[in-house]
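Trainee: Take any residue in the first sequence, note its place counting from 1, add 206, and you have its number in this note's numbering. Have a look at this one.
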Amino acid sequence: MVVTRFAPSPTGYLHIGGLRTALFNWLWARKNDGKFRLRIEDTDKERNKKEAVDAIIKAFDWTGLNYDGEIVFQSQREDIYKKYLNELLEKGLAYKCYLTKEELEAIREAKMKGEEPPIDIRKYRDFKGELDKPYVIRFKTPLSGKICFEDGVKGMQCVEANEIEDFVIARSDGSPTYNFVAAVDDHEMGMTDIIRGDDHLRNTFKQLLIYEAFGWNVPKFYHVPMIHNEKGSKMSKRDGAVDVMEYKREGYLPEALLNFLVRLGWSHGDQEIFSIEEMINLFDPKDINKAPSRFNKEKLDWLNSHYIKNSPNERLEKLLRDDFGIDIINHDKKEILIDELKERVKTLKEMAEEIDKILTPPKEYNEKAVKKFIKDEVISNLREFLVFLNDKDPKLPPEWADAMHEFLEMKQIKPKFLMPPLRIAMVGDTKGIDLAALLSVLGKEEVKKRIAGLIAKFEVF
RNA sequence: GUCCCCAUCGUCUAGUGGUCUAGGAUACCGCCCUUUCACGGCGGCGACACGGGUUCGAAUCCCGUUGGGGAUGCCA
207 MVVTRFAPSP TGYLHIGGLR TALFNWLWAR KNDGKFRLRI EDTDKERNKK EAVDAIIKAF
267 DWTGLNYDGE IVFQSQREDI YKKYLNELLE KGLAYKCYLT KEELEAIREA KMKGEEPPID
327 IRKYRDFKGE LDKPYVIRFK TPLSGKICFE DGVKGMQCVE ANEIEDFVIA RSDGSPTYNF
387 VAAVDDHEMG MTDIIRGDDH LRNTFKQLLI YEAFGWNVPK FYHVPMIHNE KGSKMSKRDG
447 AVDVMEYKRE GYLPEALLNF LVRLGWSHGD QEIFSIEEMI NLFDPKDINK APSRFNKEKL
507 DWLNSHYIKN SPNERLEKLL RDDFGIDIIN HDKKEILIDE LKERVKTLKE MAEEIDKILT
567 PPKEYNEKAV KKFIKDEVIS NLREFLVFLN DKDPKLPPEW ADAMHEFLEM KQIKPKFLMP
627 PLRIAMVGDT KGIDLAALLS VLGKEEVKKR IAGLIAKFEV F
């Protein structure tokens, strides 16, 4: 059985790159009828934030990625780690290191400069006694030989063992560290496939040594290239929306985001649109690309508009109400309004703003539009149209269209002397949804009111 | 500094030695549709980083250069 996982550290929101990693693991597990587990890597007490776990769960809920079993918190598994830690100590595969932070800093600085470190980092590797000083536990990496593994994305990966330093597996407060607990938990939780960012590629060698020390089976690793920002480097908070929930607030549909993310580093021929089912059927981590990709908003926008167009109105109405405070559920022309708008907007937020513009009488009129279309004879046309409307009762858009054309015919005037002005009267501008639909949505009384409003403002006595 | 990874249109990508005068998508531009703005339809612009090999033949294989990215923590 395939078992995958997503293992974030609770230091903040769910990152957009993290969501793609989670998606890949989720897809692979679902495709194979396997398990997708969620594990919170909270061994660093100083950095953990209480709200972060909630934020991550909320993001999972929103995107629809469901995990199997209980969430595993590493902070609750210290006993297990202690046991394995002692085992390594007893077997002589790990040792207590009494190097101070200052000494380590000096070593690190020298290494960066390319100089010979003043102290050997392995100083206490073969030290037999006990010192009455704080210590960390380091793993004894082999002094010679190669460490290799076959990466599912990048192929055979090898490193000289002596290039991997004796890494810390327990801090001076006794708590275990990432490379150690990740290996322990991946083994204990029965991971078969680990898909993660390629910033972990180096860590894999360390984790491999832990597997080897305990004689455990090694899972299959897939290191996927990072998602870069639009400039080509690692995404950070400065790049705008990196929090997954930010996309919800901006009016993106979760399936659009997922569709966008699955195509970053993975593809299936020329196909661009993937339903969740298709993703599950077609995804295979061995097809993941080696090159990093960049986040580009235009493509996301295009996908989002595609999914908005194809969403049932009912769903859109609910999202508009729940997420954007625009409640049109009881509006008698809501179908017309949504049908018109879903064809033209990129986000739900945009849709909400457009609805608001339509339903609220214009507070001001676009200057350029007024200059171009509102002339004295136009005002008198509108006045006559108001009278003309008294004997009419148009309701649906075609009826409004008929009414306008009849008026045009009767007066023998061109559309531009009635239609653009009407639109300006309704929303203050010349852009927007189909005019007949707009009039229909507003209804005869409101239309008359807004025409009168425009006349009052611009008529010359 | 050291180690590692990567390299096709601006961006996401197809492509696994001949079917490539390199395909799709997005963005951009133009035309059509249209009272407007969008949507949609049609068309256009636009790439194999460079230099050496290997081969009858290279976007595809090898080497180097350049460029970009990552790692180098008592973070994960």
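Cβ coordinates follow ideal geometry from the N, Cα and C atoms, glycine included.
(1) Does DSSP put K637 in a helix, in a strand, or in coil?
(2) Could you compute how far the alpha carbon of N519 sits from the alpha carbon of K548?
(3) State the Cα-Cα distance for the pair N465 and Y458, rounded to the nearest angstrom.
(4) If you draw a straight line from the C-alpha of N534 to the C-alpha of G396, how long is it?
(5) When you compare the CB positions of G358 and Y428, do they come within less than 8 Å of one another, or not?
(6) Tell me whether the beta-carbon of Y273 lies closer than 8 Å to the beta-carbon of F266.
(7) How big is the Cα-Cα spacing for T227 and P323?
(8) Let me know if L509 comes out buried or exposed under the rule of 16 or more other beta-carbons within 10 Å of its beta-carbon.
(9) Look at the alpha carbon of I657 and the alpha carbon of V593, and state the distance between them as a whole number of angstroms.
(10) Starting from T249 and walking both ways along the alpha helix (DSSP H), at which residues does that stretch end?
(11) To which residues does DSSP link F355 through a beta bridge?
(12) For P214, count neighbouring Cβ atoms within 10 angstroms of its own Cβ and tell me buried if that reaches 16, exposed if not.
(13) My guess is that G471 and I494 are in contact by the Cβ rule of under 8 Å, so how many angstroms apart are they, rounded?
(14) Would Y341 pass as a contact of Y287 if the rule is Cβ separation under 8 Å?
(15) Going by CA-CA distance only, name the one from K503, K352, E321, K454 that's closest to D445.
(16) How about S499 and H434: are their beta carbons less than 8 Å apart?
(17) So is H677 buried or exposed if we call it buried at 16+ other beta carbons inside 10 Å?
(18) Taking DSSP's pairing of strands, which residues face R500 in a bridge?
(19) Does the contact criterion of 3 or more C-beta pairs under 8 Å hold for the stretch 601-610 versus the stretch 635-649?
(20) By DSSP's criteria, D449 is part of a beta bridge. Which residues make up the other side?
(21) To the nearest angstrom, how far is the alpha carbon of D332 from that of E456?
(22) On the DSSP letters alone, give me the boundaries of the alpha helix (DSSP H) that F708 sits inside.
(23) Less than 7 Å between C-beta atoms, sequence neighbours within five positions excluded: which residues of the same chain meet that for R589?
(24) Give me, in chain order, the residues of the same chain whose beta-carbon lies closer than 8 Å to that of R253; leave out the 5 immediate sequence neighbours on both sides.
(25) Let's test the definition: count the other Cβ atoms within 10 Å of the Cβ of N516 and tell me whether it reaches 16, buried, or not, exposed.
(26) Comparing alpha-carbon positions, which option in D248, I561, M632 lies nearest D672?
(27) Among the residues of its own chain, which have a CB less than 8 Å from the CB of I325, if the five just before and after it don't count?
(28) Does Y428 come out as helix, strand or coil in the three-state DSSP assignment?
(29) Return the Cβ separation of V374 and L229 in integer angstroms, given the expectation that the two are a contact with Cβ distance under 8 Å.
(30) Let me check one thing: in DSSP terms, what residues is K302 bridge-paired to?
(31) Within the present structure, is the beta-carbon of V551 separated from the nearest heavy atom of the ligand COA by less than 7 Å?
(32) Restricting to runs no shorter than 3 residues, where is the beta strand (DSSP E) found entirely within the stretch 486-560?
(33) CB K524 to CB D599, shorter than 8 Å?
(34) Report all residues from its chain with a CB closer than 6 Å to the CB of N409; omit the five preceding and five following residues, and keep chain order.
(35) Identify whether G659 lies in helix, strand or coil by the three-state DSSP scheme.
Mentor: In short, the structure shows the following:
(1) Residue numbering aside, residue 637 sits at position 431 when the first sequence is read from its first letter. Reduced to three states, the DSSP call for K637 is coil.
(2) The sequence position of residue 519 within the first sequence is 313, counting from 1. The sequence position of residue 548 within the first sequence is 342, counting from 1. Spanning the two alpha carbons is a distance of roughly 9 Å.
(3) Walking along the first sequence from the start, residue 465 turns up at place 259. Walking along the first sequence from the start, residue 458 turns up at place 252. Cα to Cα, N465 sits roughly 12 Å from Y458.
(4) If you number the first sequence from 1, residue 534 lands on position 328. If you number the first sequence from 1, residue 396 lands on position 190. The sequence shown places Ile at residue 534, not Asn. One C-alpha to the other measures close to 50 Å.
(5) Translated into the one-based positions of the first sequence, residue 358 becomes position 152. Translated into the one-based positions of the first sequence, residue 428 becomes position 222. It is a contact, given that the beta carbons lie within the stated cut-off.
(6) Taking the first residue of the first sequence as 1, we reach residue 273 at position 67. Taking the first residue of the first sequence as 1, we reach residue 266 at position 60. Their beta carbons are under 8 Å apart, which means Y273 touches F266 by this criterion.
(7) In the first sequence, residue 227 corresponds to position 21, counting from 1. In the first sequence, residue 323 corresponds to position 117, counting from 1. Taking the straight line joining both Cα atoms gives about 37 Å.
(8) Your numbering for residue 509 matches position 303 in the first sequence. Buried, because 16 or more other Cβ atoms sit within 10 Å of the Cβ of L509.
(9) Here the question's residue 657 lines up with position 451 in the first sequence. Here the question's residue 593 lines up with position 387 in the first sequence. Cα to Cα, I657 sits roughly 11 Å from V593.
(10) In the first sequence, counting from the first residue as 1, residue 249 sits at position 43. Counting along the chain, T249 falls outside any alpha helix (DSSP H), and DSSP gives it neither H nor E.
(11) Looking up residue 355 in the first sequence gives position 149. Answer is Q363, bridged to F355.
(12) Along the first sequence, read from residue 1 onward, the residue named residue 214 stands at position 8. Its Cβ being crowded by 16 or more others within 10 Å, P214 is buried.
(13) Locating residue 471 in the first sequence gives position 265, where the first residue counts as 1. Locating residue 494 in the first sequence gives position 288, where the first residue counts as 1. Confirmed, Cβ separation roughly 5 Å.
(14) As a first step, residue 341 must be located in the first sequence, where it is residue number 135. As a first step, residue 287 must be located in the first sequence, where it is residue number 81. No, the pair does not count as a contact, with Cβ atoms beyond the cut-off.
(15) Start at 1 with the first residue of the first sequence, and residue 445 comes out as number 239. Checked all of K503, K352, E321, K454; the closest Cα to D445 is K503.
(16) For the purposes of this step, residue 499 is identified with residue 293 of the first sequence, where counting begins at 1. For the purposes of this step, residue 434 is identified with residue 228 of the first sequence, where counting begins at 1. The answer is yes: Cβ separation under 8 Å.
(17) Look at the range of the chain in this structure, 207 to 667, and you will see that residue 677 is not part of it.
(18) Your numbering for residue 500 matches position 294 in the first sequence. Beta-bridge pairing links R500 to H434.
(19) Touching, yes, given that three or more Cβ pairs across the two stretches are closer than 8 Å.
(20) The residue labelled residue 449 in the question sits at position 243 within the first sequence. H221.
(21) Numbered from 1 along the first sequence, position 126 holds the residue referred to as residue 332. Numbered from 1 along the first sequence, position 250 holds the residue referred to as residue 456. Approximately 57 Å, taken between the alpha carbons.
(22) A query on residue 708 cannot be resolved here, the shown segment of the chain reaching from 207 to 667 and no further.
(23) By 1-based counting over the first sequence, the position of residue 589 is 383. So the list reads I661, once near-sequence residues are dropped.
(24) As a first step, residue 253 is located in the first sequence; it is residue number 47 there, counting from the start. If we look at R253 and ignore the five residues flanking it on each side, its Cβ neighbours are S215, T217.
(25) Along the first sequence, one-based indexing puts residue 516 at 310. Classification for N516: exposed.
(26) This structure cannot speak to residue 672, because the chain is shown only from 207 to 667.
(27) As a first step, residue 325 must be located in the first sequence, where it is residue number 119. Same-chain partners within the cutoff: L305, E309, A312, I313.
(28) On the first sequence, position 222 is the one that residue 428 refers to. Of the three classes helix, strand and coil, the one that applies to Y428 here is strand, per DSSP.
(29) Your numbering for residue 374 matches position 168 in the first sequence. Your numbering for residue 229 matches position 23 in the first sequence. At roughly 32 Å, the Cβ-Cβ gap does not stay under 8 Å, so V374 and L229 are not in contact.
(30) Counting from one through the first sequence, the residue named residue 302 turns up at place 96. Answer is I343, bridged to K302.
(31) Of the ligands one can find in the structure shown there are none, so the ligand COA has no counterpart to examine.
(32) Unbroken beta strand (DSSP E) stretches of 3 residues or longer found wholly inside the stretch 486-560: none.
(33) Counting from one through the first sequence, the residue named residue 524 turns up at place 318. Counting from one through the first sequence, the residue named residue 599 turns up at place 393. Contact: no.
(34) Along the first sequence, one-based indexing puts residue 409 at 203. N385, listed in sequence order.
(35) Indexing the first sequence from 1 puts residue 659 at position 453. DSSP places G659 in helix when its eight states are reduced to three.
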